[in-house]
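Just so we're aligned, residue -5 is where the sequence shown starts under the numbering used here, counting upward by one.
Report on the structure given below.
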Amino acid sequence: LSVALITPSRQRVAGSIRDSASLCFRFPYIEHNVARIRCTILADENTPPTRQADEGAMSAKALDYLNSLSSYNDEGRRLLNAPQRYSSKDWWENIMSLGADPVLRAVKGQLTFQCLWSLLVALLFILFPKLPPMPALPHSLLGGVLSVLLGFRTNQSYNRFWEGRHLWGKVSDSCRSLARSCLVYLDGSVEVYSAVLRHLKAFPVALKQHLRGERDSIEFANTLNFTELNELLTADNMPLSLCTSLSMWMNEVKNDQRQASASLLWWHLEAHVMELSKVVVDCERLVRTPVPIAYAAHTSRLLTLWTGTL
């Protein structure tokens, strides 16, 4: 529907309205918007010649964007791919891939020590069967405490995972909202719109590399131009550098005399950039605040002693 507000061609808009007719049956509140857009088209037949080139380029991008959205429907043509989840049918593959399990690789040292220690204890009792066994009362008492510690550790790990997923959802939402707002409301040059899109495509990659301590220019292919990429790779904090560059492009919108409601639009777009900046700070806090070392070390020592004397 948003293409009707920026496309100068009445035929393209009419086609967009015809394509949106099916939405009115599933979403009745859209029907009055379609009628309003039809009135807007009839009232605005003449487009200023100075803006036809920019609006034509933006219209083509808008049509591509809306065509890609139309392929995601509930009639079954193409739906969002569900993430990979564990299934009971994959039990054999899970057993066969046990050697490549990253969790098993992480604990292989402690697991090997416990196996060798258990073998040594078993050999001692075979050679000296009259050795007194260790009472089971300490293990019974410490088992409950250990289960509480491990449960708390698991809960904290899942909370960190869920917070990270929530922050990544904010990145996706802010990037999409900022791109949509620029697509619909920008009346100025296409240069600003293209620059904003380039920075938004590069932001998730920059945030990922910043949090992982990486610098790989190959991952920024088809995003930034040569000059912007060089400036980004020399920055200490790549995602914040992109936010600063986005704010500079938003300042062009505020100073553009052709833009309607320039100050209000600038504040709306800048709010999304501020949200991206907040996400960077929250992600850095999550990465730089691990589980307290004293708590992790105490749990590891207790678990090692409990399994070693079992």
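Even for Gly, the Cβ is constructed at its ideal location relative to N, Cα and C.
How close, in whole Å, do the beta carbons of residue i and residue j come, if the pair is a contact with beta carbons under 8 Å?
| i | j | result |
| --- | --- | --- |
| V273 | L205 | That pair is no contact at about 11 Å. |
| R209 | L227 | 6 Å |
| M244 | E264 | 5 Å |
| C169 | Y187 | With 8 Å as the limit, C169 and Y187 do not qualify as a contact, their Cβ atoms being about 14 Å apart. |
| L143 | T298 | Their Cβ separation, rounded to whole angstroms, is 13 Å, which puts L143 and T298 out of contact at 8 Å. |
| L296 | L140 | 6 Å |
What is the residue span of the alpha helix (DSSP H) that residue i lies within?
| i | result |
| --- | --- |
| E225 | F220 to L227 |
| E213 | Careful: E213 lies outside any alpha helix (DSSP H) and carries neither H nor E. |
| K202 | V184 to R206 |
| Q150 | L131 to Y179 |
| Q251 | Where Q251 is concerned, there is no enclosing alpha helix (DSSP H), given that its DSSP letter is neither H nor E. |
| M128 | Where M128 is concerned, there is no enclosing alpha helix (DSSP H), given that its DSSP letter is neither H nor E. |
| T301 | I287 to G302 |
| G103 | K102 to L121 |
| N88 | W85 to M90 |
Among residues of its own chain, excluding the 5 on either side of residue i, which ones have a beta-carbon nearer than 6 Å to its beta-carbon?
| i | result |
| --- | --- |
| L201 | P233 |
| G70 | In this prediction, G70 scores a pLDDT of 47, lower than 50, which makes its location untrustworthy; no coordinate-derived value is stated. |
| L240 | H193 and V267 |
| Y289 | none |
Please work out which residues of its chain come closer than 8 Å, Cβ to Cβ, to residue i, disregarding the five sequence neighbours upstream and downstream, and give them in chain order.
| i | result |
| --- | --- |
| H133 | W300, T303 and L304 |
| Q253 | L180, D181, G182, V247 and L259 |
| P96 | none |
| L280 | R154, E157, G158 and L161 |
| L118 | L125 |
| L105 | L98 |
Might you give, ordered along the chain, the residues of its own chain that have their beta carbon closer than 7 Å to the beta carbon of residue i, omitting 5 neighbours on each side?
| i | result |
| --- | --- |
| L98 | L92 |
| A189 | W243 |
| H262 | S175 |
| L223 | S211 and F214 |
| P276 | Checking the sequence shown, residue 276 turns out to be Asp, not Pro. So the list reads L161, once near-sequence residues are dropped. |
**the segment 273 to 292 touching the segment 148 to 159, judged by at least three CB pairs closer than 8 Å** = The answer is yes - the segment 148 to 159 touches the segment 273 to 292, with three or more Cβ pairs under 8 Å.
**Message:** With three or more C-beta pairs closer than 8 Å as the rule, is the segment 211 to 228 touching the segment 177 to 188?
**Reply:** Using a Cβ-Cβ distance cut-off of 8 Å, the segment 177 to 188 and the segment 211 to 228 are not in contact, since fewer than three pairs of beta carbons, one from each stretch, lie closer than that value.
**Prompt:** Would you call the segment 163 to 170 and the segment 194 to 202 touching, i.e. three or more CB-CB distances under 8 Å?
**Reply:** Here the segment 163 to 170 lies against the segment 194 to 202, with 3 or more beta-carbon pairs under 8 Å apart.
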